[in-house]
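S.K.: Residue numbers (the numbering used here): 118 to 554.
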């Protein structure tokens with residue numbers, strides 16, 4: 118027998134009815150209205166590195182990119198020997214991959230190399246991979262930045278590759294160092310937002326504060342992006358109502374269905390498995406509560422697009438979604454490969470996640486986490502619990518975005534927290550989904 122949940126009653130999954138599209142949607146939330154555009158307002162600026170293709174970087178790294186796991190240890194050694202300006206992106210992908218997996222890996226590595234935070238790139242291969250290092254390098258070089266390749270086999274093995282790689286990286290850095298910061302509008306920023314280790318404070322403080330910052334950037338003509346499609350589940354109808362047209366809404370809902378179908382193929386019940394034990398320990402009670410909090414980090418602006426994992430994010434595009442898995446490191450890498458220069462990462466229970474090439478601004482809504490992990494957190498949004506408005510907290514996140522874009526280092530950068538992983542497309546998932554269609 119159904120009855121309303123009253124004030125003070127416990128909320129749990131078994132006491133809630135699913136309101137997904139195709140089910141009873143009588144309780145579907147009202148569409149959020151976008152924030153008003155500040156007509157005639159002065160657009161804030163930052164100083165960044167203008168690249169040959171017009172994009173503006175907020176850092177000037179030399180990226181050392183392995184084509185597979187076989188060269189990942191070598192790229193770490195090259196970057197360590199070269200200097201702090203060299204950033205390695207070691208990953209787990211193999212030397213031989215199925216076609217769909219290989220295409221996504223290539224798209225990710227090319228996108229990372231093309232990111233405007235990269236002033237030069239060195240592509241390192243063992244020499245036996247299906248992925249061709251020269252082809253990757255050529256695609257990155259289309260942006261106008263200097264790019265070189267190195268084959269571990271051809272140069273004479275690991276020791277020679279380390280020595281030669283450090284020399285090549287130094288030459289690339291010499292050329293990249295000729296770039297100087299110049300003034301650019303906030304409209305040239307692509308801002309990725311991510312969450313991990315969520316708790317009850319995430320959906321009422323940190324995520325809405327990041328959402329308010331996203332709204333400000335969109336109002337100023339920039340691009341904001343959030344991802345992790347599985348974390349839309351339970352709130353996908355809310356996002357669909359915010360899409361600018363029906364075709365985009367259909368694509369969004371199809372992406373959610375596809376991610377859930379993938380989990381079904383592996384015997385995982387996404388809805389039954391959420392919230393995770395860690396989320397529950399942090400006070401989250403249902404998948405709907407978690408997802409509504411998660412999508413709030415994108416603000417209230419209309420959803421204007423949705424791209425594939427690691428696909429290029431347009432500049433000046435407003436709010437754009439990226440279809441990624443629900444794994445924060447892979448999700449962040451996807452947005453950086455899409456061109457995001459800065460990431461904001463919200464956490465309730467705590468996180469140390471960073472990225473080699475894009476600064477990661479850590480935001481928490483939990484005062485206890487801020488107190489315990491102050492050397493990992495950049496913005497304390499827990500002040501919302503003491504009465505600060507979401508808008509004011511969002512202003513502080515936006516100020517942090519502009520300061521970091523201008524060169525201020527995040528706590529993750531100071532501590533060189535630089536996780537990197539590429540999402541792998543599983544052949545069984547592809548076969549199973551084709552069978553369902």
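Cβ coordinates follow ideal geometry from the N, Cα and C atoms, glycine included. A quick note: this is a predicted structure, and the numbers were derived from the prediction, not measured.
Taking Cβ to Cβ, would you say residue 235 is nearer than 8 Å to residue 203?
M.R.: Here residue 235 is taken as the residue at index 118 of the chain shown, counted from 1. Here residue 203 is taken as the residue at index 86 of the chain shown, counted from 1. The answer is no: Cβ separation not under 8 Å.
S.K.: With a threshold of 8 Å between beta carbons, is residue 283 in contact with chain B?
M.R.: Absent from the structure is chain B; it holds one protein chain and no more.
S.K.: Helix, strand or coil: which one does DSSP assign to residue 530?
M.R.: Taking the first residue of the chain shown as position 1, residue 530 is located at position 413. Helix, per DSSP.
S.K.: Under 8 Å by Cβ, that's how I've got residue 416 and residue 524 pegged, so tell me the actual separation to the nearest angstrom.
M.R.: Indexing the chain shown from 1 puts residue 416 at position 299. Indexing the chain shown from 1 puts residue 524 at position 407. At roughly 25 Å, the Cβ-Cβ gap does not stay under 8 Å, so residue 416 and residue 524 are not in contact.
S.K.: Here's the rule: buried if 16 or more other CB atoms are within 10 angstroms of the residue's CB, otherwise exposed. What is residue 213?
M.R.: Within the chain shown, numbered from 1, the residue matching residue 213 stands at position 96. Exposed, by the Cβ-count rule.
S.K.: Taking DSSP's pairing of strands, which residues face residue 268 in a bridge?
M.R.: Locating residue 268 in the chain shown gives position 151, counting from the first residue. In the DSSP output, where bridge partners are listed per residue, residue 268 has 242.
S.K.: Please name the residue, chosen from 427, 174, 276, that lies closest to residue 193 on a Cα-to-Cα basis.
M.R.: As a working note, residue 193 is residue 76 in the chain shown. Of 427, 174, 276, the residue nearest in Cα terms is 276.
S.K.: Using the C-alpha atoms, what's the distance from residue 266 back to residue 511?
M.R.: Counted from its first residue, the chain shown places residue 511 at position 394. Counted from its first residue, the chain shown places residue 266 at position 149. Computed Cα separation, rounded: 43 Å.
S.K.: Keeping to the same chain, check which residues put their C-beta closer than 6 Å to that of residue 494; ignore five residues upstream and five downstream.
M.R.: One-based indexing of the chain shown puts residue 494 at position 377. Only 479, 481, 487 meet the Cβ criterion.
S.K.: Could you give the C-beta distance for residue 279 and residue 239, rounded to a whole number, given that I count them as a contact under 8 Å?
M.R.: Taking the chain shown and counting its residues from 1, the one referred to as residue 279 is at position 162. Taking the chain shown and counting its residues from 1, the one referred to as residue 239 is at position 122. Between residue 239 and residue 279 the Cβ distance is about 12 Å, and since that is not below 8 Å, they are no contact.
S.K.: What residue does the beta strand (DSSP E) around residue 66 start on, and which one ends it?
M.R.: Beyond the ends of the chain as shown, which are 118 and 554, falls residue 66; an answer cannot be given.
S.K.: Do you know how far the Cα of residue 353 is from the Cα of residue 222?
M.R.: By one-based count along the chain shown, residue 222 stands at place 105. By one-based count along the chain shown, residue 353 stands at place 236. So the alpha carbons of these two residues sit roughly 27 Å apart.
S.K.: Please state whether DSSP places residue 414 in a helix, a strand or coil.
M.R.: In the chain shown, counting from the first residue as 1, residue 414 sits at position 297. Here residue 414 sits in helix by DSSP.
S.K.: Within 10 angstroms of the Cβ of residue 245, are there 16 or more other Cβ atoms? Answer buried if so, exposed if not.
M.R.: Numbered from 1 along the chain shown, position 128 holds the residue referred to as residue 245. By the neighbour-count rule (16 or more Cβ atoms within 10 Å), residue 245 is not buried but exposed.
S.K.: Would a C-beta distance cut-off of 8 Å place residue 427 and residue 225 closer than the cut-off?
M.R.: What you label residue 427 is simply residue 310 of the chain shown in a count that begins at 1. What you label residue 225 is simply residue 108 of the chain shown in a count that begins at 1. For residue 427 and residue 225, yes; Cβs fall inside 8 Å.
S.K.: Please give me, in chain order, every unbroken run of the beta strand (DSSP E) with length at least 3 that falls completely inside the region 149-214.
M.R.: List check, beta strand (DSSP E) in window: 162-167, 178-183, 203-205.
S.K.: Assuming the contact rule is C-beta atoms closer than 8 Å, residue 334 and residue 323 should be a hit. Round their C-beta distance to whole Å, please.
M.R.: Within the chain shown, the letter at position 217 stands for residue 334. Within the chain shown, the letter at position 206 stands for residue 323. Not quite, the Cβ-Cβ distance comes to about 17 Å (not below 8 Å), so this is no contact.
S.K.: At the level of alpha carbons, what is the spacing between residue 549 and residue 310?
M.R.: By 1-based counting over the chain shown, the position of residue 549 is 432. By 1-based counting over the chain shown, the position of residue 310 is 193. Annotation note: pLDDT 48 at residue 549 (below 50); position unreliable, coordinate value reported separately. About 31 Å.
S.K.: Could you give the first and the last residue of the continuous beta strand (DSSP E) run that contains residue 423?
M.R.: Locating residue 423 in the chain shown gives position 306, counting from the first residue. Where residue 423 is concerned, the enclosing beta strand (DSSP E) stretches over 420-424.
S.K.: Check the C-beta distance from residue 412 over to residue 476 and give it rounded, since I have them as a contact under 8 Å.
M.R.: Within the chain shown, numbered from 1, the residue matching residue 412 stands at position 295. Within the chain shown, numbered from 1, the residue matching residue 476 stands at position 359. About 24 Å; that fails the 8 Å criterion.
S.K.: Ignore the nearest five residues each way along the sequence and tell me which others in residue 153's own chain have a CB closer than 7 Å to its CB.
M.R.: Walking along the chain shown from the start, residue 153 turns up at place 36. Bear in mind that a pLDDT of 44 at residue 153, under 50, signals an unreliable position, so the number given afterwards is only what the model happens to contain. Correct list: empty, nothing qualifies.
S.K.: Indicate the three-state DSSP secondary structure (helix, strand or coil) for residue 452 in the structure shown.
M.R.: Locating residue 452 in the chain shown gives position 335, where the first residue counts as 1. Residue 452 falls in the helix class under three-state DSSP.
S.K.: For residue 450, which of 269, 506, 285, 430 has the nearest alpha-carbon?
M.R.: Stepping through the chain shown from its first residue, residue 450 is reached at position 333. Considering only alpha carbons, the answer is 430.
S.K.: What does the alpha-carbon distance come out to for the pair residue 261 and residue 233?
M.R.: As a first step, residue 261 is located in the chain shown; it is residue number 144 there, counting from the start. As a first step, residue 233 is located in the chain shown; it is residue number 116 there, counting from the start. Approximately 11 Å, taken between the alpha carbons.
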